[in-house]
Amino acid sequence: MLCYRHQVTIKWEDITFSKEGIEILIPRSKTDQSGEGQACTIPNSNEFVCAVSALKLWQEYSGLSEGCVFRGVSKSETILSHAIKLNQANLIIKSLAINCDLSNADQYSAHSLRHGFATEAAKKGAQFKSIMRQGRWRHEGTVLGYIEEGKRFEENAANTMFLHK
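The sequence shown begins at 24 in my numbering and counts up by one.
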């Protein structure tokens, strides 16, 4: 998963498509101050929710193959040359969450996508190291905090008080 800053500044030149999915090169990040670059891979998945398929559709629709992937759009629906702004991305994400009738839709944002990924991946049984690698987190405590917060009801010690024997 990409941090919110990278979500809005991805360039087509940094994306490699393959039969397995996509690889996004992140030239520089908070955890890569030397600028060696880090890769974030996203595998193909169920077409209904596949980020790779959605990205291919966006490329086909927009006709873009270089520069920023996610761009501003004018009132006349012209795709602009500059990257979308973070606040615009947040509004789009909130709007999609509302349209999908998700609970707490007003709390969704570019940052919560990454946070939520860690939480949901752990709930579905993903290995901790795999979650850390996908999110490119350096500190285990950050990821553990996301996961523990997301499991605060399922893994609540109070649940043991009401188990029937």
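No residue lacks a Cβ here, since even glycine has one placed at the ideal position from N, Cα and C. As the structure is a prediction and not an experimental result, all values here were calculated from the model.
From the options, residue whose alpha carbon lies closest to that of residue i
i, options, result
"S68", "A62, A77, G60, Q61", "A77"
"S135", "P66, A120, L87, R94", "A120"
"E43", "E163, P66, N110", "P66"
"Y169", "A180, K146, A181, F40", "K146"
"H29", "T39, I102, R175, K108", "K108"
Buried versus exposed, by CB contacts within 10 Å (16 or more), residue i
i, result
"S12", "The displayed coordinates of the chain run from 24 to 188. Any statement about residue 12 would go beyond what the structure contains."
"C123", "exposed"
"W81", "exposed"
"V92", "buried"
"V96", "exposed"
"A144", "buried"
Residue i vs residue j beta-carbon contact at 9 Å
i, j, result
"T64", "E36", "no"
"G148", "G173", "no"
"R94", "L25", "no"
"K34", "E89", "yes"
Distance between beta carbons of residue j and residue i, contact taken as under 8 Å
i, j, result
"N113", "S85", "Not a contact, Cβ separation roughly 21 Å."
"A106", "V31", "6 Å"
Beta-bridge pairing of residue i - partner residues as DSSP gives them
i, result
"E46", "T39, T64"
"K34", "C91"
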